[in-house]
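Going line by line, the protein sequences match chains A and B.
Counted the way full-length UniProt numbering counts, the first sequence spans residues 1 to 347.
Counted the way full-length UniProt numbering counts, the second sequence spans residues 1 to 347.
Where a beta carbon is used, it is the ideal one built from N, C-alpha and C, also for glycine.
Okay, structure first, notes after.
Protein chains: 2
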Amino acid sequence: MHPTHKPRAIPPSRRRVTAAMVAEHAGVSTATVSLVANGKAIGRVSASNEAKVREAIRELGYVVDGIGSSLARGVSNTVIMVAPDISNPFFATVIAGVRFALGSEYQLLLSVTDAGQLPSADDTRKLLGLRPAGLLVDAPDPSFLEELSAPGPLVLLDAPEFGSDVPAVNLDVAQGARLLAEHLAETGHKKVAYLDGTTGTTTFEVRREAFLLASRELGMEVPECALAATTVNVALAAEEFSAVWPRWKKAGVTAVACATDTHAYGILQEARATGISIPGELAVAGFDDLPYSRTSAPGLTSVHLPGELLGRRAGEQLLRLMAGEELETQQVVLQSSLMVRGSTLEA
Amino acid sequence: MHPTHKPRAIPPSRRRVTAAMVAEHAGVSTATVSLVANGKAIGRVSASNEAKVREAIRELGYVVDGIGSSLARGVSNTVIMVAPDISNPFFATVIAGVRFALGSEYQLLLSVTDAGQLPSADDTRKLLGLRPAGLLVDAPDPSFLEELSAPGPLVLLDAPEFGSDVPAVNLDVAQGARLLAEHLAETGHKKVAYLDGTTGTTTFEVRREAFLLASRELGMEVPECALAATTVNVALAAEEFSAVWPRWKKAGVTAVACATDTHAYGILQEARATGISIPGELAVAGFDDLPYSRTSAPGLTSVHLPGELLGRRAGEQLLRLMAGEELETQQVVLQSSLMVRGSTLEA
DNA sequence: CTGAAAGCGCTTACAG
DNA sequence: CTGAAAGCGCTTACAG
Chain A
1 MHPTHKPRAI PPSRRRVTAA MVAEHAGVST ATVSLVANGK AIGRVSASNE AKVREAIREL
61 GYVVDGIGSS LARGVSNTVI MVAPDISNPF FATVIAGVRF ALGSEYQLLL SVTDAGQLPS
121 ADDTRKLLGL RPAGLLVDAP DPSFLEELSA PGPLVLLDAP EFGSDVPAVN LDVAQGARLL
181 AEHLAETGHK KVAYLDGTTG TTTFEVRREA FLLASRELGM EVPECALAAT TVNVALAAEE
241 FSAVWPRWKK AGVTAVACAT DTHAYGILQE ARATGISIPG ELAVAGFDDL PYSRTSAPGL
301 TSVHLPGELL GRRAGEQLLR LMAGEELETQ QVVLQSSLMV RGSTLEA
Chain B
1 MHPTHKPRAI PPSRRRVTAA MVAEHAGVST ATVSLVANGK AIGRVSASNE AKVREAIREL
61 GYVVDGIGSS LARGVSNTVI MVAPDISNPF FATVIAGVRF ALGSEYQLLL SVTDAGQLPS
121 ADDTRKLLGL RPAGLLVDAP DPSFLEELSA PGPLVLLDAP EFGSDVPAVN LDVAQGARLL
181 AEHLAETGHK KVAYLDGTTG TTTFEVRREA FLLASRELGM EVPECALAAT TVNVALAAEE
241 FSAVWPRWKK AGVTAVACAT DTHAYGILQE ARATGISIPG ELAVAGFDDL PYSRTSAPGL
301 TSVHLPGELL GRRAGEQLLR LMAGEELETQ QVVLQSSLMV RGSTLEA
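Rendered as structure tokens:
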């Protein structure tokens with residue numbers, strides 16, 4: 001019966017500790033246990049019973065079972081955030097903001113999809129089957145939202161193309177684009193180019209159109225040949241730039257705006273490799289203000305988007321919705337700003 | 001009763017569609033509905049009943065409720081991955097691998113913590129309260145694991161310091177460190193430096209110790225002054241390098257290995273700014289082989305770690321565990337490789 | 001093959 | 001203040 005090998009510590013009974021066990025241990029009903037465990041004891045449970053229950057909870061190591069609780073209440077205490085692009089460093093700051101806003105009452109869970117992909121209808125249904133207390137969806141596309149029937153509390157992030165009927169927190173990238181155009185106009189540029197992203201994300205369209213519009217309004221010209229596009233990839237952007245630069249140069253382009261800093265890194269790199277002077281010969285700027293932009297050589301001028309704030313505001317809105325409150329503002333728009341660095345400004 | 005404003009499409013009854021509703025609609029019991037809905041009908045439900053149920057499911061838009069199902073079964077079909085560092089681009093590739101391995105049977109959910117932080121004991125308990133079918137924990141620290149009592153299927157990723165009693169998939173960073181040392185020795189370096197990370201992650205220790213050991217074995221010297229450390233941050237690494245470089249130079253150091261590519265970017269940047277020739281005057285290399293390393297100027301020599309494979313193998317192991325199978329190999333170790341680029345090799 | 005019933009663990013009126 | 005009981009939606013022996 002007692003084999004020779006070292007007796008190991010008896011594993012604490014694998015059995016899940018239930019409210020019923022706590023109730024028995026404390027000599028009360030499970031209703032009382034529930035009240036105490038959920039912090040609803042004030043004025044509903046006698047001090048002595050409360051103490052007994054707390055003691056029993058500690059002794060047995062009881063934790064309220066999320067599944068049972070969710071079933072009884074109709075919703076879980078989970079907030080699910082659907083995230084299409086986890087590889088973007090920008091996204092980490094958004095998450096940090098959401099976590100900050102949500103605090104510890106709700107459990108934040110991320111559902112990630114493959115880069116740039118949105119969750120399938122099937123995935124979405126499964127997520128809803130988890131009965132989240134709230135849903136946060138970053139950069140959704142319109143068709144995705146149609147599938148999301150009966151969603152309960154829902155806040156969209158970075159979803160500029162949606163109507164005002166669904167709560168959203170957006171970034172005013174158009175404003176940032178204008179700031180950038182103004183900066184280039186002020187520093188004397190007459191002909192500018194634009195290196196776009198090819199993923200068809202709405203924000204890319206907004207960035208481009210706002211920049212082109214503002215540029216023209218400010219009297220700068222965008223030569224026909226001066227529009228290019230690649231996926232969000234340093235190497236491909238470098239390649240594309242090396243292919244189009246001769247034409248741009250011939251057309252008199254002296255500045256280029258890029259849909260993302262990543263694109264801009266490609267240009268910086270290619271310029272360095274081939275001896276194009278930045279910003280002397282070509283001024284370069286991007287969007288996103290990624291961490292590396294502060295430290296590249298030259299530093300990259302970039303439209304800064306407040307990621308942490310985006311997450312925080314979205315979390316706050318969702319919190320209100322989950323509390324059953326009305327939103328005073330359905331649509332929150334956050335200002336962007338321009339970080340001017342060496343890539344557009346001679347030292 | 002019928003106000004003048006446009007009547008909108010009647011919202012599909014907000015009531016959740018339950019198995020009972022489907023059962024009634026199809027004229028069968030909920031047991032039959034459950035069998036069909038879960039694909040367990042073969043040989044247990046008559047073809048005609050199955051057809052009726054399927055039709056009812058479609059008509060009513062029934063989806064099995066995850067919460068009810070989880071409660072009845074004891075576990076959910078959710079796999080939770082605990083991720084301490086979502087801002088690392090490397091991590092996105094790991095996730096992709098996990099998703100690939102897991103397929104569509106399980107729902108992957110990420111629980112992220114603030115950069116470098118591990119989930120609190122409290123958070124962990126809440127996660128367990130979701131009754132995940134399996135748990136994946138990336139880069140845990142030992143104390144975290146102790147709290148994880150009765151975890152069910154669990155696979156660790158990148159957790160070199162754990163014993164062989166808990167299933168894990170690890171990266172052989174030590175091997176990569178040796179490859180790097182060999183490369184530097186072969187290219188003629190006699191004195192090398194190391195720029196470490198300060199977060200105290202185990203993998204950083206392994207990288208450093210393996211590199212230093214191999215370097216010495218290969219006859220290279222690591223001068224006392226040639227060890228520095230900063231957090232994982234380009235700007236801080238640049239600053240630190242600018243502070244220590246004079247001493248390193250005086251000591252005869254001609255090559256530096258960095259705990260991460262991010263550190264190395266800082267050195268590249270500072271070197272460019274101050275005119276230190278890379279690799280002529282100083283060869284530079286890092287770990288992680290981040291996307292930018294391929295395209296920096298010069299390209300950064302780096303120890304490549306197979307992130308996608310790491311995720312995939314971990315997912316596969318977890319799948320086996322969740323299926324109740326024994327693991328033939330508890331500990332999987334993945335080889336790293338050295339990507340040699342311009343930062344250590346004159347063109 | 002089929003359905004009634006028990007049970008998963010909890011919460012919340014409800015009656016006392 | 002307290003507890004018995006119903007109910008959340010499902011799954012799974014079990015008896016037929």
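task = Count the other C-beta atoms from every protein chain shown that fall within 10 angstroms of the C-beta of E240(B), then say buried if there are 16 or more, exposed otherwise.
result = Under this definition E240(B) is a buried residue.
Reference V17(A), options S29(A), F287(A), V64(A) and L180(A), closest by Cα = Comparing Cα-Cα distances from V17(A) to each of S29(A), F287(A), V64(A) and L180(A), the minimum goes to V64(A).
task = Answer with yes or no whether the minimum CB distance from residue 357(A) to chain B is below 8 Å.
result = Residue 357(A) cannot be examined here, being either before or after the span of chain A that is shown, 1 to 347.
message = Can you check whether the C-beta of R58(A) is within less than 8 Å of a C-beta belonging to chain B?
response = No, its Cβ sits nowhere closer than 8 Å to a Cβ of chain B.
request  = Check whether the Cβ of I278(A) lies closer than 8 Å to any Cβ atom in chain B.
outcome  = It does not: the Cβ of I278(A) has no partner Cβ on chain B nearer than 8 Å.
message = Distance cutoff 8 Å, beta carbons only. Does L102(B) sit that close to anything in chain A?
response = No, no contact with chain A.
Option in A31(A), V45(A) and F287(A) with minimal Cα separation from S336(A) = Per the C-alpha coordinates, the member of A31(A), V45(A) and F287(A) positioned closest to S336(A) is F287(A).
query = On the premise that A237(B) lies in contact with I267(B), defined as a C-beta separation below 8 Å, what is that separation, rounded to the nearest angstrom?
reply = A Cβ-Cβ distance of about 6 Å is found for the pair I267(B) and A237(B), placing them in contact under the 8 Å criterion.
query = For the region 104 to 137 of chain B, which residues have a CB atom closer than 9 Å to at least one CB atom of chain A, in sequence order?
reply = Of all residues in the region 104 to 137 of chain B, S104, Q107, L108, L109, L110, S111, V112, T113, D114, A115, S120, D122, D123, R125, K126, L127, L128, G129, L130 and R131 have a Cβ within less than 9 Å of some Cβ in chain A.
ask   = Going by C-alpha distance, which of T329(A), L345(A), T344(A) and G342(A) is nearest D165(A)?
value = Residue T329(A) is the option with its Cα nearest to D165(A).
key: Coarse secondary structure for M21(B), derived from DSSP in three states   = Residue state, collapsed to three classes: helix.
ask   = Given a threshold of 16 other Cβ atoms within 10 Å of its Cβ, counted over all protein chains shown, does R208(B) qualify as buried or as exposed?
value = Result: buried.
query = By the criterion of Cβ-Cβ separation under 8 Å, what are the contact partners of G324(A) in chain B?
reply = For the C-beta of G324(A), not a single chain B residue is nearer than 8 Å; the gap to the nearest is close to 15 Å.
inquiry  = Would you call the region 123 to 131 of chain B in contact with the region 95 to 106 of chain B, where contact means no fewer than 3 C-beta pairs closer than 8 Å?
reply    = Judged by Cβ distances under 8 Å, the region 123 to 131 of chain B makes no contact with the region 95 to 106 of chain B, as fewer than three pairs qualify.
request  = Flag this pair as yes or no: are the beta carbons of V155(A) and L321(A) separated by less than 8 Å?
outcome  = Yes; because the gap between Cβ atoms is below 8 Å, this pair is in contact.
task = With F162(B) as the anchor, note down where its alpha helix (DSSP H) starts and where it stops.
result = Careful: F162(B) lies outside any alpha helix (DSSP H) and carries neither H nor E.
request  = Use the C-beta contact count for P246(A): other C-beta atoms within 10 angstroms, 16 or more gives buried, fewer gives exposed.
outcome  = Exposed, because fewer than 16 other Cβ atoms sit within 10 Å of the Cβ of P246(A).
task = Scan the region 45 to 75 of chain B for residues whose Cβ lies nearer than 7 Å to a Cβ of chain A and list them as they occur along the chain.
result = Listed by position along the chain: V63, V64, D65, G66, I67, G68, S70 and L71.
key: Contact set between I86(B) and chain A, taken where Cβ atoms lie within less than 7 Å   = Per Cβ cutoff of 7 Å: I86, A92 and I95.
DSSP beta-bridge partners of I80(A) = Paired residues: L109(A) and L135(A).
task = Reducing DSSP to helix, strand and coil, say where R58(B) ends up.
result = Helix, per DSSP.
ask   = Which term fits R58(A), buried or exposed, when burial requires 16 or more other beta carbons within 10 angstroms of its beta carbon?
value = Within 10 angstroms of the beta-carbon of R58(A) lie fewer than 16 other beta-carbons, which makes it exposed.
query = Do D196(B) and A159(B) have their C-beta atoms closer together than 8 Å?
reply = No; because the gap between Cβ atoms is not below 8 Å, this pair is not in contact.
Given G74(A) as reference, the closest of D289(A), R131(A) and L319(A) once Cα atoms are compared = Per the C-alpha coordinates, the member of D289(A), R131(A) and L319(A) positioned closest to G74(A) is R131(A).
ask   = Under a three-way DSSP split, which group does A214(A) fall into?
value = For A214(A), the secondary structure class from DSSP, reduced to helix, strand or coil, is helix.
ask   = Along chain B, in chain order, which residues have C-beta atoms closer than 8 Å to that of T295(A)?
value = Chain B residues near T295(A): V234, A235, A238, Y265, G266 and Q269.
Contact with chain A by P89(B), beta-carbon distance below 8 Å = With 8 Å as the cut-off, P89(B) counts as an interface residue toward chain A.
inquiry  = In this structure, how does DSSP classify G27(A) when only helix, strand and coil are distinguished?
reply    = The DSSP-derived three-state label of G27(A) is coil.
query = At what residues does the alpha helix (DSSP H) containing V94(A) begin and finish?
reply = Segment P89 to L102, the alpha helix (DSSP H) holding V94(A).
key: Nearest candidate by alpha-carbon position, reference S343(B), set P291(B), Q331(B) and V256(B)   = Residue nearest to S343(B) within the set P291(B), Q331(B) and V256(B) is V256(B) (criterion: CA-CA distance).
task = Find the residues of chain B that neighbour R312(A), judging by a C-beta separation of less than 8 Å, and give them in chain order.
result = The contacting residues do not exist; R312(A) stays about 14 Å from chain B at best.
key: Neighbouring residues, chain B, relative to R272(A) (Cβ below 7 Å)   = Within 7 Å Cβ-Cβ: A297.
task = Give the straight-line distance between the Cα atoms of G275(B) and P298(A), rounded to the nearest whole angstrom.
result = Going by the C-alpha atoms only, they are around 14 Å apart.
ask   = In angstroms, rounded to a whole number, what distance separates the CA positions of T30(A) and S48(A)?
value = Our two residues, T30(A) and S48(A), have alpha carbons roughly 16 Å apart in a direct line.
query = Would the region 33 to 44 of chain A and the region 278 to 286 of chain A be scored as touching if the rule is three or more Cβ pairs under 8 Å?
reply = With a cut-off of 8 Å on Cβ pairs, the region 33 to 44 of chain A is not in contact with the region 278 to 286 of chain A, counting fewer than three such pairs.
query = The alpha helix (DSSP H) with H304(A) in it runs from where to where?
reply = Counting along the chain, H304(A) falls outside any alpha helix (DSSP H), though it belongs to the beta strand (DSSP E) covering T301 to H304.
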